[in-house]
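Asks: One structure, as structure tokens, below. Some questions next.
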Amino acid sequence: MAGTPEREQGRRVMMDMTECVVGYWGGIPADNYLGFRKAAEELMAKKLTSVFTMRKQRREIPHEMLNLRDMDLHQTKFPWNKNCMLLAYEAKAV
């Protein structure tokens, strides 16, 4: 199979899987493969909420959230951006 690989395949899969529940104001949990900020915004437009885990390597995560060395143990940060909230939690000593 020739051509370029599909980008944001996880987002597309998430949109395909949630078509049957659009409009029910449900919640969609997903792991780091399917969790994209763009997917969360698209789901919100379709009256669906979402909770995703994300790895630190994602470009969508703000730089200030990546530097967690100054966080105390069991401290939590909650930055907001429009309809999205990101949570950073320090569970173990770095």
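Using the numbering used here, the first residue of the sequence shown is number 13, and each one after it goes up by one.
All C-beta atoms, glycine included, are put in the ideal place defined by N, C-alpha and C.
None of these values were measured; they are calculated from a predicted model.
Is the number of C-beta pairs between the stretch 28–40 and the stretch 52–61 that are closer than 8 Å three or more?
Replies: Enough Cβ pairs lie closer than 8 Å, so yes.
Asks: When you compare only the Cα positions, how much space is there between M56 and T16?
Replies: Your numbering for residue 56 matches position 44 in the sequence shown. Your numbering for residue 16 matches position 4 in the sequence shown. When rounded, the separation of the alpha-carbon atoms in M56 and T16 is 30 Å.
Asks: Specify, as a first and last residue, the run of the beta strand (DSSP E) that A42 falls within.
Replies: As a working note, residue 42 is residue 30 in the sequence shown. From DSSP, the beta strand (DSSP E) with A42 extends over G39 to A42.
Asks: Along the alpha helix (DSSP H) that carries V25, what are the first and last residues, could you check?
Replies: Residue numbering aside, residue 25 sits at position 13 when the sequence shown is read from its first letter. According to the DSSP assignment, V25 belongs to the alpha helix (DSSP H) that extends over Q21 to M29.
Asks: By the three-class DSSP mapping on this structure, what secondary structure does M56 have?
Replies: Here residue 56 is taken as the residue at index 44 of the sequence shown, counted from 1. Looking at M56 - three-state DSSP - the assignment turns out to be helix.
Asks: With which residues is K89 paired in a DSSP beta bridge?
Replies: Here the question's residue 89 lines up with position 77 in the sequence shown. Bridge partners of K89 according to DSSP: A100.
Asks: I'd like the list of long-range same chain contacts for L78, defined as Cβ closer than 8 Å, with 5 residues on each side in sequence excluded.
Replies: Reading the sequence shown from its first residue, position 66 is the one you call residue 78. Cβ neighbours of L78 beyond the five flanking positions: K68.
Asks: Could you pull the DSSP bridge partners for V63 from this structure?
Replies: Within the sequence shown, residue 63 is the residue found at index 51, counting from 1. Beta-bridge pairing links V63 to P41.
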